[in-house]
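These notes concern the structure reproduced below.
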Amino acid sequence: MLSVQGLGLHHSGNYLFQNVNFTIKKDDKIGLVGKNGAGKSTLLKMLSGEITFYEGNVVPEGNITIGFLKQDLDFVKGRTVWNETMQAFEQINAWKEELEEINHQLTVRTDYESDSYTDLINRMTDLNDLLMHHDAYNLEGDIEKVLFGLGFKADDFQKITDEFSGGWRMRIELAKLLLQKNDLMLLDEPTNHLDMESIIWLENFLKDYPGGILLVSHDKQFMTAVCNRTFDVNNRKVDDYKANYSKYLVMREDRREKLIQAKKNQDAEIKQMEDNINKFRASATKASFAQSLIKKLDKIERIEVDNEDVSKFNIRFVQSQVPGKVIFEAENLGKAYGQKQIFDDVDFIVQRGDRIALLGQNGQGKTTLAKILSGDIKEYSGNWNLGHNVNIGYFAQNQEEVLTPNKTVQEEAEDAATEETRPRVRDLLGSFLFQGEAVNKKTKVLSGGERNRLALCKLLLRPFNTLIMDEPTNHLDIQSKEIIKLALQKFEGTLIVISHDREFLQGLCDKIYEFRDGKMKEFLGDINEYLVFRQKESIREISAEKAKLHSDEPKVEVKKVEEKPVVSQSIIVSKEQKSIQNKLKKVEEKISELETAIETFEATFTKENPSEETLEKYNKTKEELDLALQEWEHLGTQLD
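In terms of the working numbering, the sequence shown is residues 842 to 1481.
Next comes the structure, spelled out in structure tokens:
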């Protein structure tokens, strides 16, 4: 479908890519992985045609269509969510407009015998065939499905896009791309701005997508579920693994061990050559031999091995004095901005050592609560109390608001340090990839990922007994996320974290506060248990939204024919319901068994690298769970 031949790109005087070759086929779903700055987003721009100044060739086969999820939005002001989403069907909309004009012409014209009138009729037939072929008269159902899946409510469809935040508008842009059904879809961090439910919906949508996909994501669970192939961007090249992300990790480790051994052999060979050069360079009779060795040495392509082991980063959040048993206590807590009530009547008690995840759709109040508890928001309704000796470390979602623009990275870190931790500043900055001249960069020029890493580094330089973290993994690569997760797992204090990253939350939090419809509910259980509960609830909620959307449609009255007594009909219905209920019970038991099996697999994966046979069993179990959940949804719909 798309072939890349000898691709190369200069960046800042060096090669970002050099002699890259690969082919993308129709059914390929490829995950693009690599450290921040490796060139993942740049590669997508090259394939989409946004960047054209490169060596080599990008060759599409035939007239394939390529869709690219851009981060910059260009909406026409005044359009509703529905009308903006309809812009996905540019060609279909043009055909419909042309057909409408032809129908008008056929109505007002009277030259029935003319050639031009016949041409109009022929064109009308062609347009109808085209619209039927592209299923143009069933687009509304597709739009509803995608918008509901991405978290929109029925009431949102006729709202103006200007009313929505940038994150929600990005969801509209994603919806448009998904509806276009391009042959190849290029997705750069598609889960950004999505809540957990929407991420899971998108995951399932992409698994069944009929075209090719090339995506960049730092969500390991999302990548494993969607992709059947992995491109590892490193050291100016692209390594191709014919495997999903979980299998890729095992294969990469095997390749890395072989690479380390090859590097040792090469280093020994280079040292021997350098010794011989130094030995023979001064000799008149051996000088030419030394020169030939120098040329040979220059031609050697040095083997480079990235350091992927995060366990060596002995990073810890320092705990301050031990606080009282109760950290936070709230009663009837609420917050409104003008007429908009974010949440209300919220009660909770956070105790010492609790590890809580705040979950829910964007805009439901998670960040607002974090800011209230951290002291950033002073005005609210109700009451809340801070416990004895509680010392809070707060990681804000928007780091540009808490960093001083004209300070350097090192100055910002040193200002956050205590006398005891100041000697550790350079070492900690190095652990967060601020090395050499990077420590002298002004914070105002840092990327999103760099700002987050610096903010996390600052938290490590002061002692706290309570951490409130709002999306700490945003813009971080997979390795940086693993470093932070390890540090948080070692932290002995109280943790409250907002995150949509399922893998990050696994093994980190054991209690969940869910924000929904202006309320907050406590869920006792881990992220995996919550997701099963939430998936079932979401199915019911989407059904309710669909019913609400079509509730105003005219209903056709059907005359009742009483061929059988009403009693007989109710008996038949109750038997049918009972049969469905029995099937539902069996499916739910099966779902429970499969979930337990998956948890057992994943617990094993954290302790040792799984074999290929184990990974196959694991993936097969997940497929069985997907099918069981689909059957559960179908039976639930029948029962309704």
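Backbone N, C-alpha and C fix where the C-beta goes; we use that ideal spot for every residue, glycine too. It should be emphasised that the depicted structure is a prediction, and the values quoted were computed from it without experimental measurement.
By a C-beta neighbour count over all protein chains shown, 10 Å radius and 16 as the cutoff for buried, is Gln1202 buried or exposed?
Along the sequence shown, one-based indexing puts residue 1202 at 361. Per the 10 Å Cβ criterion, buried.
For Ile1118, which option in Gln1132, Gln1107, Leu910 has the closest C-alpha, if you only look at C-alpha atoms?
Locating residue 1118 in the sequence shown gives position 277, counting from the first residue. For Ile1118, the closest alpha carbon among the candidates Gln1132, Gln1107, Leu910 is that of Gln1132.
Where Asn1239 sits in the DSSP three-state scheme:
On the sequence shown, residue 1239 is found 398 positions in, with the first residue counted as 1. If DSSP states are grouped into helix, strand and coil, Asn1239 belongs with coil.
Distance between Asp1003 and Lys918 (C-alpha atoms, nearest Å):
In the sequence shown, counting from the first residue as 1, residue 918 sits at position 77. In the sequence shown, counting from the first residue as 1, residue 1003 sits at position 162. One C-alpha to the other measures close to 7 Å.
Should Phe1169 and Leu1329 be called a contact, given that it needs their Cβ atoms to be closer than 8 Å?
Numbered from its first residue, the sequence shown carries residue 1169 at position 328. Numbered from its first residue, the sequence shown carries residue 1329 at position 488. With contacts defined by Cβ atoms closer than 8 Å, Phe1169 and Leu1329 do not form a contacting pair.
Would Ala1171 and Trp1225 qualify as a contact pair, given that the criterion is a beta-carbon distance under 8 Å?
Taking the sequence shown and counting its residues from 1, one reaches residue 1171 at position 330. Taking the sequence shown and counting its residues from 1, one reaches residue 1225 at position 384. For Ala1171 and Trp1225, yes; Cβs fall inside 8 Å.
If you measure between the beta carbons of Gly1334 and Leu1308, is that distance less than 8 Å?
Working through the sequence shown from its first residue, we reach residue 1334 at position 493. Working through the sequence shown from its first residue, we reach residue 1308 at position 467. Cβ distance < 8 Å, so Gly1334 and Leu1308 count as in contact.
Neighbour-count burial assignment, Asn963, 16 or more Cβ in a 10 Å radius:
Working through the sequence shown from its first residue, we reach residue 963 at position 122. Exposed.
Does Gln1162 pass the burial test, meaning 16 or more other C-beta atoms within 10 Å, or should it be called exposed?
In the sequence shown, counting from the first residue as 1, residue 1162 sits at position 321. With fewer than 16 Cβ atoms within 10 Å of its Cβ, Gln1162 is classed as exposed.
For the pair the stretch 888-904 and the stretch 1104-1118, tell me if three or more CB-CB distances fall below 8 Å.
No: fewer than three Cβ pairs fall under 8 Å.
Measuring straight from C-alpha to C-alpha, what distance separates Ala814 and Ser844?
This structure leaves residue 814 out entirely; the chain is present only between 842 and 1481.
For Val1187, collect the residues of the same chain with a Cβ closer than 8 Å to its Cβ; drop the 5 residues on either side in sequence, then sort them by chain order.
Position 346 of the sequence shown, counting from 1, holds the residue named residue 1187. Correct list, in chain order: Ala1171, Asn1173, Leu1174, Gly1175, Leu1210, Gly1223, Lys1360, Met1361.
Just list the residues that DSSP pairs Lys1078 with in beta bridges.
In the sequence shown, residue 1078 corresponds to position 237, counting from 1. Paired residues: Asn1075.
CA-CA distance, Ile899 and Leu884?
If you number the sequence shown from 1, residue 899 lands on position 58. If you number the sequence shown from 1, residue 884 lands on position 43. For the record, residue 899 in the displayed sequence is Val; it is not Ile. For Val899 and Leu884, the distance between alpha carbons rounds to 11 Å.
What span of residues does the alpha helix (DSSP H) with Gln1251 cover, start to end?
Here the question's residue 1251 lines up with position 410 in the sequence shown. Looking at the DSSP string, the run of the alpha helix (DSSP H) that includes Gln1251 is 1250-1257.
I want to know whether the stretch 1032-1047 touches the stretch 845-856 - three or more CB-CB distances under 8 Å.
Result no; under three Cβ-Cβ pairs closer than 8 Å.
From what residue to what residue does the alpha helix (DSSP H) around Ala1328 run?
If you number the sequence shown from 1, residue 1328 lands on position 487. For Ala1328, the uninterrupted alpha helix (DSSP H) segment begins and ends at 1319-1331.
Neighbour-count burial assignment, His852, 16 or more Cβ in a 10 Å radius:
Locating residue 852 in the sequence shown gives position 11, where the first residue counts as 1. By the neighbour-count rule (16 or more Cβ atoms within 10 Å), His852 is not buried but exposed.
Start-end ranges of the beta strand (DSSP E) lying completely within the stretch 988-1057, minimum 3 residues
Whole beta strand (DSSP E) segments, 3+ residues: 1025-1029, 1053-1057.
Spatial distance of Leu1018 from Ile1353 (CA atoms)
As a first step, residue 1018 is located in the sequence shown; it is residue number 177 there, counting from the start. As a first step, residue 1353 is located in the sequence shown; it is residue number 512 there, counting from the start. Spanning the two alpha carbons is a distance of roughly 33 Å.
Please determine if the stretch 866-876 and the stretch 1058-1068 are in contact, where contact requires at least 3 C-beta pairs separated by less than 8 Å.
Because the criterion of three Cβ pairs below 8 Å is met, the stretch 866-876 and the stretch 1058-1068 touch.
Thr1314: which of Leu1327, Phe1332, Ser1340, Phe916 sits nearest, CA to CA?
To locate residue 1314, count along the sequence shown from 1; it is residue 473. It is Ser1340.
Is the number of C-beta pairs between the stretch 900-908 and the stretch 981-993 that are closer than 8 Å three or more?
No, they do not touch.
Let me confirm a value: Ile1432 is counted as buried when at least 16 other C-beta atoms fall within 10 Å, else exposed. Which label applies?
By one-based count along the sequence shown, residue 1432 stands at place 591. Sixteen is the threshold: when 16 or more other Cβ atoms of the shown chains lie within 10 Å of the Cβ of Ile1432, as they do, the residue is buried.
For the pair the stretch 1138-1145 and the stretch 1314-1327, tell me if three or more CB-CB distances fall below 8 Å.
Inter-segment contact for the stretch 1138-1145 and the stretch 1314-1327 is absent: fewer than three beta-carbon pairs are separated by less than 8 Å.
Tell me whether the beta-carbon of Ile1337 lies closer than 8 Å to the beta-carbon of Leu1227.
The residue you call residue 1337 lines up with position 496 of the sequence shown. The residue you call residue 1227 lines up with position 386 of the sequence shown. Against a cut-off of 8 Å, the Cβ pair of Leu1227 and Ile1337 comes out as no contact.
Starting from Asp1351 and walking both ways along the alpha helix (DSSP H), at which residues does that stretch end?
The residue given as residue 1351 occupies position 510 in the sequence shown. Bounds of any alpha helix (DSSP H) do not take in Asp1351, whose DSSP letter is neither H nor E.
May I have the straight-line CA-CA distance separating Ala879 from Lys1427, to the nearest angstrom?
Within the sequence shown, residue 879 is the residue found at index 38, counting from 1. Within the sequence shown, residue 1427 is the residue found at index 586, counting from 1. Rounded to whole angstroms, Ala879 to Lys1427 spans 49 Å at the Cα level.
Name the DSSP beta bridge partners of Thr1307, please?
Mapped onto the sequence shown, residue 1307 falls at position 466. The secondary-structure analysis by DSSP pairs Thr1307 across a beta bridge with Ile1233, Thr1335.
Whole alpha helix (DSSP H) elements within the stretch 893-929, 4-residue minimum:
Secondary structure remark: continuous alpha helix (DSSP H) runs of at least 4 residues inside the stretch 893-929, in chain order: 922-927.
By the three-class DSSP mapping on this structure, what secondary structure does His851 have?
Counted from its first residue, the sequence shown places residue 851 at position 10. His851 falls in the strand class under three-state DSSP.
Could you tell me which residues DSSP pairs with Tyr1170 in its beta bridges?
Reading the sequence shown from its first residue, position 329 is the one you call residue 1170. Checking the sequence shown, residue 1170 turns out to be Glu, not Tyr. Ile1190, Asn1226, per the DSSP bridge assignment.
Exposure of Pro1406, with buried meaning 16 or more beta-carbon neighbours within 10 Å:
Taking the sequence shown and counting its residues from 1, the one referred to as residue 1406 is at position 565. Note that Pro1406 has pLDDT 39, beneath the 50 cutoff, so the model's placement of it is unreliable and the number below is only indicative. Burial state of Pro1406 is exposed, judged by a 10 Å Cβ sphere holding fewer than 16 other Cβ atoms.
Would a C-beta distance cut-off of 8 Å place Gly908 and Gln1021 closer than the cut-off?
Working through the sequence shown from its first residue, we reach residue 908 at position 67. Working through the sequence shown from its first residue, we reach residue 1021 at position 180. Annotated as proximal: Gly908 and Gln1021, with beta-carbon spacing under 8 Å.
Would you decide whether Met973 is buried or exposed? Buried here means 16 or more other CB atoms lie within 10 Å of its CB.
Counting from 1 along the sequence shown, the entry for residue 973 is found at position 132. Met973 should be labelled exposed.
Just to confirm, are Tyr881 and Gly1053 a CB contact at a threshold of 8 Å?
For the purposes of this step, residue 881 is taken as residue 40 along the sequence shown, with counting starting at 1. For the purposes of this step, residue 1053 is taken as residue 212 along the sequence shown, with counting starting at 1. It should be pointed out that residue 881 corresponds to Lys in this sequence rather than to Tyr. No.
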